[in-house]
Amino acid sequence: MVTGGLVSNAHGIARATHDADVAVQMESGGFMAFAGSLPAALRLDPQISFETITGSQRHIIELSGSPFRIELFFLSADAHHQERFQRRVWKYLPDLEREAWIATAEDMIIQKVRWNRDKDRDDARNILAVQGDALDFAYIERWCDAHGTRTRLEDLRRSIPPI
Amino acid sequence: MDAPNEFQPLMDEIFRDKVLRARQQSPESKLVLGLELFETALVRMRGGVRAQFPHFSEEQVEAEVYRRIARVRQVQEHGFYTSVQPA
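Written out as C-alpha cells, the structure reads:
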C-alpha cells in the first residue's frame, strides 16, 4: 500500500516528495526473496530502522542515479496501522500505467496528526481543506482520541479559512 | 499555527486558491505531480550548486545535491527513527 507524501499529494495539495513510502505485509522469508529479486538499478540498504512512535520497521531502497528512494514499512501490530491497511483502496494511476493500493484520506490525516512534524501538519491541513465534508470525521476523531491527538486535529481544523 | 498577523488575509487567500485548484485535479494526477515537482527541484538545486561553486565538475555538483538532500532527510528524521545494524 502506497502511503506517505505521494498519497498526501493525491488527497491534498501536491508538493515535491523525495521518497515513496510503501507499507508492506510480508513474512521475513518472503522479504529476503523479494530483496534478492530486485533489479540492479535498485539497492537495498542493509541498515534497518524503526519508526519511534509505532515501532514500524523500515527498509530503504535506493535508486541508481537518483537521490529519490523507496521506503518500505513492514505492517506493524499498531492498531491504527492494521485498520489503515484494511481500509486501503485500489487505484489505477493512468500517468504511471500502474495499479496500486493507496491509503485513504482519513488514514493519512490520522497518521500525519500523530507524527506531527512541520510537513506532517501541513499535509494534514491540506487534506482536511481539500477533502472538506467528504471526510469521515467520526472515524478520524475516534483514532485521534485513541492517540491523544484530538487537540492537534482541532487546531488544524480551526486554522483552515473558509474555502 | 502562528497567531494571525497583517499577512494572514493574504496567506488565507493564497491557501484558498491552492485548495480550489487541488479540488480540480484528480488524485491520480496529484500523486504523480509530486514526483515531477521533485525532478524540477533537482534541476533547480543543481543550478544553485553550479552558481555557488562554478568550478565544480558535474560529478561534484551531483554529489553536493545528494549531500543536501541527505541533510534535509537527516533534519526531517531526527529523533523519528532508530537504526540498527543487520546481524
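Chains as they are written, first to last, in my numbering: chain A, 722 to 884; chain B, 1273 to 1359. Virtual Cβ for every residue (Gly too), placed ideally from N, Cα, C. In this text the structure is predicted, and so the values were computed from the model without any measurement.
With contact defined as three or more Cβ pairs closer than 8 Å, the segment 790 to 810 of chain A and the segment 1287 to 1301 of chain B are not in contact.
Cβ-Cβ distances below 8 Å link aspartate 766(A) to His780, Ile781, Ile782, Glu783 in the same chain, with the five nearest sequence neighbours on each side left out; the list follows chain order.
For alanine 798(A), the nearest beta carbon of chain B is not closer than 8 Å to its own beta carbon.
Distance check between arginine 842(A) and each of Ser729(A), Met722(A), Asp742(A), Val723(A) places Ser729(A) closest, using alpha-carbon atoms only. Sorting Leu856(A), Asp816(A), Gly853(A) by C-alpha distance to the C-alpha of leucine 1307(B) places Asp816(A) at the top. Taking 9 Å as the Cβ-Cβ cut-off, the segment 1298 to 1312 of chain B approaches chain A at Ser1298, Pro1299, Glu1300, Ser1301, Lys1302, Leu1303, Val1304, Leu1305, Gly1306, Leu1307, Glu1308, Leu1309, Phe1310, Glu1311, Thr1312, given in chain order. The DSSP-derived three-state label of aspartate 742(A) is strand.
Against chain B, the beta carbon of phenylalanine 752(A) has no neighbour under 8 Å; the closest one sits roughly 12 Å away. Beta-bridge analysis with DSSP links leucine 763(A) to Leu784(A). Glutamine 768(A) carries a coil assignment under DSSP once its states are collapsed to helix, strand and coil.
Contact annotation: valine 834(A) and leucine 793(A) have beta-carbon atoms that are not nearer than 8 Å. Scanning chain B for C-beta atoms nearer than 8 Å to the C-beta of asparagine 837(A) yields nothing, as the closest lies near 10 Å away.
Valine 1347(B) has its alpha-carbon roughly 27 Å from the corresponding atom of serine 1329(B). Nearest CB-CB separation between lysine 833(A) and chain B: not below the 8 Å threshold.
Interface flag for glutamine 1357(B) against chain A is set, since a Cβ pair is found closer than 8 Å.
Counting of Cβ neighbours within 10 angstroms places tryptophan 864(A) among the buried residues, the total reaching 16 or more. Looking at Leu1303(B), Ile1341(B), Ala1294(B), the one whose alpha-carbon comes closest to that of arginine 1316(B) is Ile1341(B). Glycine 751(A) and leucine 814(A) have their C-alpha atoms spaced approximately 26 Å apart. Looking at the backbone, the Cα of threonine 724(A) and that of aspartate 742(A) are separated by about 5 Å. Within the segment 800 to 831 of chain A, the beta strand (DSSP E) runs of at least 3 residues that lie entirely inside it are, in chain order, 810 to 814, 819 to 823. Each residue's CA atom was taken as its position, placing isoleucine 769(A) and glutamine 778(A) some 7 Å apart. Residues of chain B with a Cβ closer than 9 Å to the Cβ of alanine 824(A) do not exist; the shortest Cβ-Cβ separation is about 11 Å.
Around the beta carbon of methionine 829(A), 16 or more other beta carbons lie within 10 angstroms, which makes this residue buried.
Residues of the segment 783 to 817 of chain A with a C-beta atom less than 8 Å from some C-beta of chain B are Pro788, Phe789, Lys812, Tyr813, Leu814, Pro815, Asp816, Leu817, listed in chain order. In the DSSP assignment, leucine 793(A) falls within the unbroken beta strand (DSSP E) covering 790 to 795.
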